[in-house]
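Counted from 1, the sequence shown has number 141 at position 117 by our numbering; the numbering is strictly sequential.
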Amino acid sequence: MSVRDSDTDPAFQKAGQSLTLDAITHRFGSATAVDDVTLDIRAGELVSLLGPSGCGKTTLLRIVAGFINQTMGRVIIGGTPIDDLPPNRRSVGIVFQNYALFPHLTVADNIAYGLAARGTDRAAQRVRVEEMLALVQMHRFADRYPRQLSGGQQQRIALARALAVQPRILLLDEPFAALDKNLRLDMQIEIKRIQKMSGITAVMVTHDQEEALGMSDRIAVLSQGRLEQFGTPSQIYDRPETLFVNTFVGTSNLLPGHLESSDATSCAVRLDDGLRLVLPRSAEKIVPGTAVLVSVRPDNLVFVDGGEGLAGQVELGMPLGTTIVHEIVTASGRTLKVSSARSAGAQPLASGTPIRVVPASLDAVQIFPAPKP
25 MSVRDSDTDP AFQKAGQSLT LDAITHRFGS ATAVDDVTLD IRAGELVSLL
75 GPSGCGKTTL LRIVAGFINQ TMGRVIIGGT PIDDLPPNRR SVGIVFQNYA
125 LFPHLTVADN IAYGLAARGT DRAAQRVRVE EMLALVQMHR FADRYPRQLS
175 GGQQQRIALA RALAVQPRIL LLDEPFAALD KNLRLDMQIE IKRIQKMSGI
225 TAVMVTHDQE EALGMSDRIA VLSQGRLEQF GTPSQIYDRP ETLFVNTFVG
275 TSNLLPGHLE SSDATSCAVR LDDGLRLVLP RSAEKIVPGT AVLVSVRPDN
325 LVFVDGGEGL AGQVELGMPL GTTIVHEIVT ASGRTLKVSS ARSAGAQPLA
375 SGTPIRVVPA SLDAVQIFPA PKP
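Structure, rendered in structure tokens:
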């Protein structure tokens, strides 16, 4: 195989490189958009920046791309700081939310655009375009224009264009926002496949928690410019480190109470509704007697017979495909959601049905200090 072939064949494409955001802070006037964020992203990872609007995730993406010069901190790719480099010299590929394809260029010419801008000869351009069309499975559409493509097809071409120049980092800015719900899952799987095949390091901005949990190797959860937690999807969902992460990622029932005791292996919590829970973990950062919020996800609450459990009654039941969601009201008037698997023909409990619920797994119950009023 020639040097040129090995440089252009996706099978021999250089793997993505590591990306470090070192104590990044950025201010717009007196407003702090990003507040001392540090992330070490490994080569070949897909990392999501997850959070609500205004949390700083898009600002971070634009800082990596070089569109914004951060107030403080460093951006390091492959061990080398790139802060002094303009966007066109950072070797960073970007797929924008609206894809930003050139409407007057064919699919093939769109993919070749970045190569032509870099002075790549026409023969090498054609070879690379063919490889990218094969990678995104769009060979049949090479001569079409963007207006002749569906949203998902446009997204594939935008991705092929970004990868054609062999960037060290791929940035994805809300890549599925313009797609309808039925197409999103297919394209999430497709982009994950392409990212793994190419070996590229990818950073994706999203506010969609399911999208982040399903696609990411690791997730950085942001709130008001600060990094709340950086971990694997299972760590973020099963072991949230802050109350914000717990409530933003997934659905939770929050039950007020107070910490009765804590030792090296367990802690006891008394809920305001009367139920006492002994959790199989220490609450070492919380002083006994402190007001707490206990978080139980809807799928971790089960109905029980007898005198144990949290008493209440069914307010409403909704069958949602393979699950049934009940909204219940406790004796103190607190509203909880209970989600359970639905067997064929099963119907929700009738409104007004007296019930009792308990956590199915105490290990999955989370405890946080109650916010100060």
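The beta-carbon is built from N, C-alpha and C at its ideal position, and this holds for glycine as well.
Sequence-distant residues of its chain with Cβ nearer than 7 Å to residue i (five each side left out)
i    : result
E198 : Q121, V229, T230
A307 : L283, S286, C291, I391
P372 : G341, M342, P343, I348, H350
P393 : I310, T314, V316
D31  : Bear in mind that a pLDDT of 40 at D31, under 50, signals an unreliable position, so the number given afterwards is only what the model happens to contain. Closer than 7 Å at the Cβ level, and outside the excluded window around D31, lies no residue.
M211 : G176, Q179, F200, L203
S26  : Legend: pLDDT at S26 = 33, less than 50; position of this residue unreliable, no value from coordinates given.
Minimum C-alpha distance to residue i - residue among the options
i    : options                : result
I13  : H50, R171, Q161        : Past the edges of the chain, shown from 25 to 397, lies residue 13, and the structure says nothing about it.
V401 : M162, R152, A147, T104 : A query on residue 401 cannot be resolved here, the shown segment of the chain reaching from 25 to 397 and no further.
R180 : Q190, F200, D232       : F200
L386 : G376, G97, S290        : S290
G376 : E339, V389, P395       : E339
L84  : Q233, L43, S276, A124  : L43
R321 : A236, P264, G345, R208 : P264
D204 : G175, V189, P191, V227 : G175
G298 : A355, A384, A141       : A355
S54  : T95, G345, L129        : T95
S258 : D241, G345, E214       : D241
I101 : R66, G78, T82          : R66
D323 : A384, S77, L63         : A384
G143 : V189, D108, L157       : V189
A141 : T82, I215, N112, H128  : N112
P395 : G345, V119, T266       : T266
Under 7 Å between C-beta atoms of residue i and residue j
i    : j    : result
P378 : Q337 : yes
G348 : R366 : A small correction: the amino acid at residue 348 is Ile; Gly does not occupy that position in the sequence shown. Cβ distance < 7 Å, so I348 and R366 count as in contact.
V326 : I391 : no
R98  : D167 : no
S72  : I213 : no
P191 : V116 : yes
A226 : L125 : no
V328 : V293 : no
G249 : A57  : yes
C79  : S247 : yes
Q149 : L139 : yes
First and last residue of the uninterrupted beta strand (DSSP E) at residue i
i    : result
E235 : Run containing E235: none in the beta strand (DSSP E); it sits in the alpha helix (DSSP H), 233 to 239.
I49  : Checking the sequence shown, residue 49 turns out to be Thr, not Ile. Unbroken beta strand (DSSP E) run through T49: 43 to 52.
V58  : 55 to 65
E252 : 250 to 255
N277 : 277 to 286
V245 : 242 to 247
L74  : 70 to 74
V311 : Premise fails: V311 is in no beta strand (DSSP E) and is neither H nor E.
I118 : 116 to 119
Residues near residue i in its chain [Cβ-Cβ closer than 8 Å; skip 5 each side]
i    : result
P397 : none
V245 : L74, G75, L251, E252, Q253, F254, I260, F268, V269, F272, V273
Q177 : M162, F165
L159 : P34, A184, L187, I218, M221, S222
L173 : V131, F165, I181
D262 : A388
R420 : Residue 420 is absent from the model: the chain starts at 25 and stops at 397.
Identity of the residues DSSP links to residue i by a beta bridge
i    : result
R300 : R294
E351 : L340, K361
F327 : V381
M96  : T49
A124 : DSSP output for A124 lists no bridge partner at all.
L334 : V381
I101 : L43, T104
Own chain, CB closer than 6 Å to residue i, minus 5 neighbours either side, in chain order
i    : result
G333 : R380, V381, V382
V153 : A132, I135, A136
I224 : G40, L194
R114 : G90, I106
D60  : A47, T49
D296 : P280, G281
S363 : P322, D323, T347, V349
D64  : T44
L207 : G176
N-terminal and C-terminal residue of the alpha helix (DSSP H) that residue i is part of
i    : result
V320 : Run containing V320: none in the alpha helix (DSSP H); it sits in the beta strand (DSSP E), 315 to 320.
F165 : First-last for F165: undefined, no H or E at that position.
E214 : 205 to 222
Q390 : First-last for Q390: 390 to 393, but that is the beta strand (DSSP E), not the alpha helix (DSSP H).
L187 : 175 to 188
L196 : L196 -> not in any alpha helix (DSSP H); beta strand (DSSP E) instead, spanning 193 to 197.
I135 : 131 to 141
V229 : Careful: V229 lies outside any alpha helix (DSSP H), inside the beta strand (DSSP E) at 225 to 230.
E265 : It is not in any alpha helix (DSSP H) - E265 carries neither H nor E in the DSSP assignment.
V160 : From DSSP, V160 is part of no alpha helix (DSSP H); its letter is neither H nor E.
V88  : 81 to 89
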